[in-house]
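Colleague: Chains as they are written, first to last, in our numbering: chain E, 120 to 692; chain R, 412 to 649.
Pasting a structure below so you can have a look.
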């Protein structure tokens, strides 16, 4: 054979193999995703520019479900808040944006705003407006305002319009939170539509520095005794390896309770539920004055004495605790599922190996611990009594629940919620009708985990698809900074723990809605007493201080509050 | 032992072994990484267990691989002459990358005290990648420039340069896009998928390059008359 022909053959073969290998490498992954996202992405700009044009054609390309449209259109007045952080697309403002245009073009509701103020001024401005008789047709109220304005007779009864008009999606979303509609019901009638969110999101989980556990050979905690032992070892065995005794086992700040580094999860491990109302012996009881608090307080006191707690916790606010976490000096904190996004991510600033894992709240005994959480219903949409079309509110809510919040259609999400490529413009902030799905966090996480298990992101919306890629980058490329997504939404992450909280490992605050009369006056003082008592005991005062606090709590108004809360429970079964 | 007929490279065996070991190491790390990632993504093991097992594997395998690379590069240099020897001497520096990879973060951020800029693993990965890719790039440039090196080997060396650079730096580029420059961009999301596959080729493709270099060189050498020492020289500077 001609040597030259051999050479040509060989070179050709080698080059073809190389090019093929590169081509396969490039195409292998891309082939997994079948959605033509390039087309979607390029359509995003078109969506926005179209939305900016005030024509019904702007929504023609969207697959929307709108059964009832006002023809001719009706006028509806409202009031709104716009904070300095709210950004608009060019040419838009709060009076003319994708939502006002959608309500008019798609529902036949011409929404106008009587006034718009900064969020901090809203309650005051609303009060002045209502007192002057200038009542908007649609507005947002707090639980206390709901009660006040209902008693004043200025709110429309929504009971019948809800029954007649609420779509299946609306009913489903509102029923996911068992107290949502109850909180808007007074004397058996519905006076507002609760703006729902995920209540279970504020349930406590235990966050532990996993890299420290690995380094010290510590197994995951199965009891509060394990938690105490982990705290001791984190304090005494120099988990950061710098040779200095500068680490603490457990972090919390002077407020003691909160979503970041709060103590409620620690107390929950002892079956104590500070700050919430739960059923005991057939009545609602206030958790902070129950005997289970004692054991937890004694253990905290011992931890403090052993140096496992920041000696300056009593003067440190959450920002200072965050700084301690960022410095890599904290081994554990009781927080909520999203803590890795902040502040736990900061612990990687000085140590790329730092990462945290969420655990369910362990129990002090054989009875499983329950994470406490409270309803996330803080405000309601209400209609003015006398407005001719109170059902319009239900139709606006239906538009949101049927078409927006559950939509997996990226065109719809980009048009009405916002585009990930333009994160400063959050479109849903322009409408008061925003009901988040109470189980949304859990359902999205389930979809994400199913996609991860099958290694197939097809069918995920852009947001979930991105989270999928980030988790993939962690496991397949070793990008340690992606642990945040793994620790929250990934398999064995924090969100799966919330599922167990919803099943049988959670305890919901049974009191919701407007503070009772005595509660409104005296509870702030009682809460201050409670914080001082806990702080003092942790720092070494006698546990008898707790007994004294319980006695004082009842004598300084607690007894009346308990009676009022139980009366409220009787009136609101 | 496979021998060239004549010339400064007295044996192709070290080159074959180098390519085979590098490709096998790449394949092994890709397989083990994929297996552990699959288990973790399915929830069969926790992220903590995933990390522990991967770290244990990396620390052992990369040390062994690095030492083997070093020995084989040195052997290649010993059996070659001229610019080819210089090339393999540069290549030997690449063997430090797998050895240092498990310790890169400690070295950079604890020993040297460099700032992590909240992207420590990315920076450490970039440094070790640089340590691997640059010597190999220089090696292939030298081979491609060597006038006495058979033409086929020179073309293959030339083709290997972008292969090494792309497999090394594309994942880093994508990571920077994903976490710093364009987070949330769906297009970058798809690049992450591609990047995961490219990453698996980081050792496999250079390993194949060395194997094909040996193959071409051997075939070339066999076809040349023994009298023509210049033409039969394999991977050698004339």
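Yeah, the Cβ is synthetic: ideal placement off N, Cα and C, and Gly gets one too.
#1: Tell me the DSSP secondary structure of residue 478 of chain E in three-state form.
#2: So, helix, strand or coil for residue 471 of chain R, using DSSP?
#3: Counting only the same chain and skipping the five closest in sequence on each side, list residues whose C-beta sits under 6 Å from that of residue 620 of chain R.
#4: Select from R:484, R:462 and R:470 the residue whose C-alpha is nearest the C-alpha of residue 426 of chain R.
#5: By how many angstroms is the C-alpha of residue 640 of chain E removed from the C-alpha of residue 161 of chain E?
#6: How big is the Cα-Cα spacing for residue 677 of chain E and residue 395 of chain E?
#7: Using CA atoms only, rank isn't needed, just tell me which of E:267, E:455, E:475 and E:198 is closest to residue 241 of chain E.
#8: Indicate whether at least one CB of chain R lies closer than 8 Å to the CB of residue 180 of chain E.
#9: So residue 542 of chain E contacts chain R; which residues on that side make the cut at Cβ distance below 8 Å?
#10: Of the residues E:228, E:257, E:625 and E:667, which one's Cα is nearest the Cα of residue 191 of chain E?
#11: Mind reading off the beta-carbon distance from residue 261 of chain E to residue 481 of chain E? Whole number of angstroms is fine, and I expect it under 8 Å.
#12: Using a Cβ cut-off of 8 Å (strictly closer), state whether residue 433 of chain R contacts chain E.
#13: Nearest chain R C-beta to residue 564 of chain E closer than 8 Å, yes or no?
#14: Identify whether residue 625 of chain E lies in helix, strand or coil by the three-state DSSP scheme.
#15: Out of curiosity, what's the CA-to-CA distance linking residue 146 of chain E and residue 605 of chain R?
#16: Buried or exposed: residue 592 of chain R, going by 16 or more other Cβ atoms within 10 Å of its Cβ?
#17: Could you round the C-beta distance between residue 509 of chain R and residue 532 of chain R to whole angstroms and report it? I think they count as a contact, below 8 Å.
#18: Does residue 368 of chain E come out as helix, strand or coil in the three-state DSSP assignment?
#19: For residue 599 of chain E, go through chain R and note every residue whose CB falls closer than 8 Å to its CB, in chain order.
#20: Look at residue 493 of chain E and residue 321 of chain E and say whether their C-beta atoms are less than 8 Å apart.
#21: To the nearest angstrom, how far is it from the Cα of residue 446 of chain E to the Cα of residue 440 of chain E?
#22: Just to confirm my understanding: we take residue 702 of chain E, look at its own chain, exclude 5 residues before and 5 after, and list those with CB closer than 6 Å. What are they?
#23: Below 7 Å CB to CB, which residues in the same chain sit around residue 417 of chain E once its five sequence neighbours on both sides are set aside?
#24: Is residue 476 of chain E close to chain R? Criterion is C-beta to C-beta, closer than 8 Å.
#25: Residue 579 of chain E and residue 592 of chain E: beta carbons closer than 8 Å?
#26: Would you identify the three-state DSSP class for residue 534 of chain R, choosing helix, strand or coil?
#27: When the Cβ atoms of the segment 470-486 of chain E are set against those of the segment 331-348 of chain E, are three or more pairs found closer than 8 Å?
#28: DSSP on residue 126 of chain E, reduced to helix/strand/coil?
#29: Thinking C-beta only, is residue 577 of chain R closer than 8 Å to residue 599 of chain R?
#30: On the DSSP bridge assignment, give the partners of residue 452 of chain E in chain order.
#31: Which residue comes first and which comes last in the alpha helix (DSSP H) that contains residue 512 of chain R?
#32: Under the three-state reduction of DSSP, which class applies to residue 694 of chain E: helix, strand or coil?
#33: Spell out a yes or no on whether the segment 522-530 of chain E and the segment 308-327 of chain E are touching, meaning 3 or more CB-CB pairs, one atom from each, closer than 8 Å.
#34: What does residue 200 of chain E pair with, by DSSP beta-bridge criteria?
#35: Could one say the Cβ of residue 353 of chain E lies closer than 8 Å to chain R's Cβ atoms, at least one of them?
#36: Between the segment 583-597 of chain E and chain R, which residues of the former have CB atoms less than 9 Å from a CB of the latter, in chain order?
Modeller: Taking the definition as stated:
#1: As a working note, residue 478 of chain E is residue 359 in the first chain. Strand.
#2: Along the second chain, read from residue 1 onward, the residue named residue 471 of chain R stands at position 60. Here residue 471 of chain R sits in helix by DSSP.
#3: Taking the first residue of the second chain as position 1, residue 620 of chain R is located at position 209. Cβ within range, chain order: 571.
#4: For the purposes of this step, residue 426 of chain R is taken as residue 15 along the second chain, with counting starting at 1. Measuring from the Cα of residue 426 of chain R, the nearest candidate turns out to be R:484.
#5: Your numbering for residue 161 of chain E matches position 42 in the first chain. Your numbering for residue 640 of chain E matches position 521 in the first chain. Low per-residue confidence applies at residue 161 of chain E: pLDDT is 32, beneath 50, and the placement is therefore not dependable enough to give any value.
#6: In the first chain, counting from the first residue as 1, residue 677 of chain E sits at position 558. In the first chain, counting from the first residue as 1, residue 395 of chain E sits at position 276. Spanning the two alpha carbons is a distance of roughly 13 Å.
#7: Position 122 of the first chain, counting from 1, holds the residue named residue 241 of chain E. Answer by Cα proximity: E:198.
#8: In the first chain, counting from the first residue as 1, residue 180 of chain E sits at position 61. Not an interface residue.
#9: As a working note, residue 542 of chain E is residue 423 in the first chain. Those are 595, listed as they occur along chain R.
#10: Start at 1 with the first residue of the first chain, and residue 191 of chain E comes out as number 72. When only C-alpha atoms are compared, the closest one is E:228.
#11: Residue mapping note: residue 261 of chain E aligns to position 142 of the first chain, counting from 1. Residue mapping note: residue 481 of chain E aligns to position 362 of the first chain, counting from 1. Between residue 481 of chain E and residue 261 of chain E the Cβ distance is about 36 Å, and since that is not below 8 Å, they are no contact.
#12: As a working note, residue 433 of chain R is residue 22 in the second chain. Not closer than 8 Å to any Cβ of chain E, the Cβ of residue 433 of chain R fails to qualify, so no.
#13: Translated into positions along the first chain, residue 564 of chain E becomes position 445. Cβ-Cβ to chain R under 8 Å: no for residue 564 of chain E.
#14: Position 506 of the first chain, counted from the start, is the residue given in the question as residue 625 of chain E. Three-state DSSP puts residue 625 of chain E in a strand.
#15: Working through the first chain from its first residue, we reach residue 146 of chain E at position 27. Working through the second chain from its first residue, we reach residue 605 of chain R at position 194. Interpretation of residue 146 of chain E is limited by its pLDDT of 36, a score under 50 that renders its predicted location unreliable; the figure taken from the coordinates is listed afterwards. Cα atoms of residue 146 of chain E and residue 605 of chain R: separation of roughly 7 Å, rounded to the nearest angstrom.
#16: In the second chain, residue 592 of chain R corresponds to position 181, counting from 1. Exposed, because fewer than 16 other Cβ atoms sit within 10 Å of the Cβ of residue 592 of chain R.
#17: Translated into positions along the second chain, residue 509 of chain R becomes position 98. Translated into positions along the second chain, residue 532 of chain R becomes position 121. About 16 Å; that fails the 8 Å criterion.
#18: The count along the first chain starts at 1 and reaches residue 368 of chain E at position 249. Correct three-state label for residue 368 of chain E: strand.
#19: Your numbering for residue 599 of chain E matches position 480 in the first chain. Here the neighbours are 531 and 532.
#20: Stepping through the first chain from its first residue, residue 493 of chain E is reached at position 374. Stepping through the first chain from its first residue, residue 321 of chain E is reached at position 202. It is a contact, given that the beta carbons lie within the stated cut-off.
#21: Mapped onto the first chain, residue 446 of chain E falls at position 327. Mapped onto the first chain, residue 440 of chain E falls at position 321. Their Cα atoms are separated by approximately 10 Å.
#22: In the structure as shown, chain E begins at 120 and stops at 692. Residue 702 of chain E is therefore absent and cannot be evaluated.
#23: By 1-based counting over the first chain, the position of residue 417 of chain E is 298. So the qualifying residues of the chain are 662.
#24: Counting from one through the first chain, the residue named residue 476 of chain E turns up at place 357. Closer than 8 Å to some Cβ of chain R, the Cβ of residue 476 of chain E qualifies, so yes.
#25: Numbered from its first residue, the first chain carries residue 579 of chain E at position 460. Numbered from its first residue, the first chain carries residue 592 of chain E at position 473. Result no, Cβ atoms of residue 579 of chain E and residue 592 of chain E do not sit closer than 8 Å.
#26: For the purposes of this step, residue 534 of chain R is identified with residue 123 of the second chain, where counting begins at 1. Looking at residue 534 of chain R - three-state DSSP - the assignment turns out to be helix.
#27: yes
#28: Translated into the one-based positions of the first chain, residue 126 of chain E becomes position 7. With a pLDDT of only 43 at residue 126 of chain E, under the threshold of 50, the placement of this residue in the model should not be trusted, and no figure is reported.
#29: The sequence position of residue 599 of chain R within the second chain is 188, counting from 1. The sequence position of residue 577 of chain R within the second chain is 166, counting from 1. Not a contact, by the Cβ cut-off of 8 Å.
#30: Within the first chain, the letter at position 333 stands for residue 452 of chain E. Bridge partners of residue 452 of chain E: E:326.
#31: For the purposes of this step, residue 512 of chain R is taken as the residue at position 101 of the second chain. Premise fails: residue 512 of chain R is in no alpha helix (DSSP H) and is neither H nor E.
#32: Because chain E spans 120 through 692 in this model, residue 694 of chain E falls outside it and cannot be assessed.
#33: no
#34: Stepping through the first chain from its first residue, residue 200 of chain E is reached at position 81. Answer is E:236, bridged to residue 200 of chain E.
#35: To locate residue 353 of chain E, count along the first chain from 1; it is residue 234. The beta carbon of residue 353 of chain E does not come within 8 Å of any beta carbon belonging to chain R, so the residue lies off that interface.
#36: 584, 585, 587, 588, 589, 590, 591, 592, 593, 594, 595, 596 and 597
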